Every structure is written in C-alpha cells, then in structure tokens.
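Colleague: Have a look at this one.
Numbering (this note's numbering), first residue to last: 42 to 394.
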C-alpha cells in the first residue's frame, strides 16, 4: 500500500523530531511567534477540597458547619473529583446518587479533563501512527459529547500495526512522585490498549508501558500503577531502572499489534477502532475517602455493597439519630484526612476513641 510522506513529515515536525523542526513551525506560522506548549496545572499547588452534600437524612446545619471549616460545599458537585457525603435516609434518592457517581467515576487529582472544551487540545495532543516506520494506519482525535475520541483505522500492511496519540514533551517535566499511578475514565471497543510514559526528553527515548483491556461499549475506570510499568523501546523490553515519576515528559495512548515483550497482542484486530476518554487523573499511594455514606443507626449490608459498587474509595458512617450538624462536620473532616477510613464502616463511638 502507498506510504504517505506528507503525514510522516507532519508527525516529525509536530513533535520537533527534526533539527529544523522549530524553524519549520515558524515558517508555517508566517514567522509569527509560536505559542508555548500548553502545560497542565502544577500538581504541587494545593487543591481546595470540594465536598458534595447530597441525599436525605443528614443532620440540619451540616453544610453550613463544613463551610465554617473553610470547605467548599456544593449540592451539585463535580462527581469525578469531589468528595461526596451522601445521606442514606431515603433509599430511592440515595441509589440515584450512587448510580450517578458510579457512571461518572472518581479520581483524586485531575490531569486532563476532556469533559469540557479545551482550545489547547490540538496544540498539545498529536497523532503518532506507524507512518513513522512505513505503515499506513491512520488515526484522528475529535472532541465532543464530553469526551476525547481517538478513532481511525489500524493496518498491518507495510509491516505496520499501531496507532497512538501522544502529548508533546512537557517543559519542565511533571513531578508525579506524590501519586501511585494514573486513572483513566474511558469507553473502549474490546481491544487491548497501552499507556506509555517517558521519563526522558527527546523524541525517540525509551518508554514505560502498561497494557489494559477494554470492554466493548462499556464505561470503565482503569488504573495504571507506576510501579508496574515496563521499560520498552520500540515494542521490546529493555533493561532500565523503574520509572522515575519525578520527571514525566510525555503521555501516550496506543493500540498496537504487539505486547511489551514483542509477542502478539491477543485482543488486537486490524480495521476500525475507537477509544473514548473522559478524563485522565491520578491516584495516591494512600488513597483518602471520596464517598462517605451516612446512616442513622446501623448501616445495612446492602448499603455497604452499594457503596462498594459505586467507589473504590468509600467509607460508611453510622450516627445516632440526635447527632448535630456541627459535631458531624468535625468528625467527617477527620475521616477525610485518614487513609485508614477507606473501605471501613465507622460508628460514632470510633470518632472519640
């Protein structure tokens, strides 16, 4: 099949892989100043905690008591990033909120949020297909309906067999050392994809990869642990130190006919593909609770199961009927700072232990 020299050239100039790539970009821009690459917000900056207070059966004055503690409170929270305090007093209402939470997914720190329009998208995310090695696969990026759509045709002709989208290199690189890995909220097509990170600059440096399977047409949250990423170079494992998460230069999503060790990808199929990504976030080594279900009296087993099914970072709280909002606010803030509370049911007595 014919090889596309134009796409090859555009790829190399986009990622500044050629010595004169920057000069060529200025020529294309009419010798006007080329804007600096978009860089995600600094991850070292503190993030204000947003707490969503929803549901029925919570003590009066809870939201105001939390605000007095300097917390941003919302009754219509951003489900993906907010910490949610859910009153379980009315089962239909609580179940509706849990379903909303489950369908949105949760992450502890947002890196790329594709649910909202971003004018920097095409300037920052590019296409890197097998045209760089003579292949004819073609992919594209589209934004719409609150997601980044990575789609196209992958072909094994001309010894090709991969498509990918990759960021330009961050300058300075991102320090992700405070986190255990990436989280992606996505919907795939049943194939096995890879995430690749690079802890060195340059165009063709070794990458650290992690493969994940997708369920056809099903939204899912995928975790990419930094500690389990494998050092590779051109679809072959290489001997290298573990990923240095203190300096991450680029992020890449790939569909390839090869696994990291060069063996065939068992879930790869030539032809059309589609991967829709809602957001890319980060999770901590010691996660903090992001969903707290509050029940007056004992928390029934079915509620525990419902909390577990809606968030991996859940916590249940049992309170006496007479609990006041101000007292509960102080107790909840203690729980929100405690990794030990994740996956536990805590009674009011434990707050004072």
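Positions of the beta carbon are idealized from the N, C-alpha and C atoms, including for glycine. The model shown is predicted, which means the values in this text are computed figures rather than measured ones.
For residue 72, count neighbouring C-beta atoms within 10 Å of its own C-beta (all shown protein chains included) and say buried if the count is 16 or more, exposed if not.
Modeller: Because residue 72 sits at a pLDDT of 46, beneath the cut-off of 50, its placement in the model cannot be relied upon, and the point is left open.
Colleague: Going along the chain, which residues of its own chain have a beta-carbon closer than 7 angstroms to the beta-carbon of residue 313, five neighbours each way excluded?
Modeller: Answer for residue 313: 194, listed in chain order.
Colleague: Using a threshold of 9 angstroms, state whether the C-beta atoms of residue 92 and residue 113 are closer than that.
Modeller: yes
Colleague: Thinking residue 318 and residue 227 are a contact (beta carbons under 8 angstroms), I'd like their distance in whole angstroms, please.
Modeller: 5 angstroms
Colleague: Classify residue 266 as helix, strand or coil using the three-state DSSP reduction.
Modeller: strand
Colleague: Can you tell me whether residue 97 is helix, strand or coil according to DSSP?
Modeller: strand
Colleague: Within this structure, are the beta carbons of residue 191 and residue 299 separated by less than 9 angstroms?
Modeller: no
Colleague: Once you ignore the five residues that flank residue 181 on each side, which residues in its own chain have a CB closer than 7 angstroms to its CB?
Modeller: Closer than 7 angstroms at the Cβ level, and outside the excluded window around residue 181, lie 168, 192 and 193.
Colleague: Could you pull out every unbroken beta strand (DSSP E) segment of at least 3 residues lying fully inside the region 103-158, listed in chain order?
Modeller: Within the region 103-158, the complete beta strand (DSSP E) segments at least 3 residues long are 113-115, 124-129 and 150-154, listed from N- to C-terminus.
Colleague: Residue 336 and residue 130: beta carbons closer than 9 angstroms?
Modeller: yes
Colleague: Under the three-state reduction of DSSP, which class applies to residue 336: helix, strand or coil?
Modeller: strand
Colleague: Under the rule that 16 or more other beta-carbon atoms within 10 Å means buried, what is residue 50, buried or exposed?
Modeller: exposed
Colleague: What whole-angstrom Cβ distance do residue 149 and residue 323 have, given they're in contact under 8 angstroms?
Modeller: With a Cβ gap of about 6 angstroms, residue 149 and residue 323 count as contacting.
Colleague: By the three-class DSSP mapping on this structure, what secondary structure does residue 380 have?
Modeller: Correct three-state label for residue 380: helix.
Colleague: What is the DSSP secondary structure of residue 171, reduced to helix, strand or coil?
Modeller: helix
Colleague: Return yes when the Cβ of residue 365 is within less than 9 angstroms of the Cβ of residue 456, no when it is not.
Modeller: The first residue shown for the chain is 42 and the last is 394, placing residue 456 beyond what the model contains.
Colleague: Given a cut-off of 9 angstroms on the beta-carbon distance, is the pair residue 225 and residue 265 in contact?
Modeller: yes
Colleague: Let's test the definition: count the other Cβ atoms within 10 Å of the Cβ of residue 117 and tell me whether it reaches 16, buried, or not, exposed.
Modeller: exposed
Colleague: With H, G and I counted as helix, E and B as strand and the rest as coil, what does DSSP make of residue 197?
Modeller: coil
Colleague: Would you identify the three-state DSSP class for residue 57, choosing helix, strand or coil?
Modeller: coil
Colleague: Indicate the three-state DSSP secondary structure (helix, strand or coil) for residue 253 in the structure shown.
Modeller: strand
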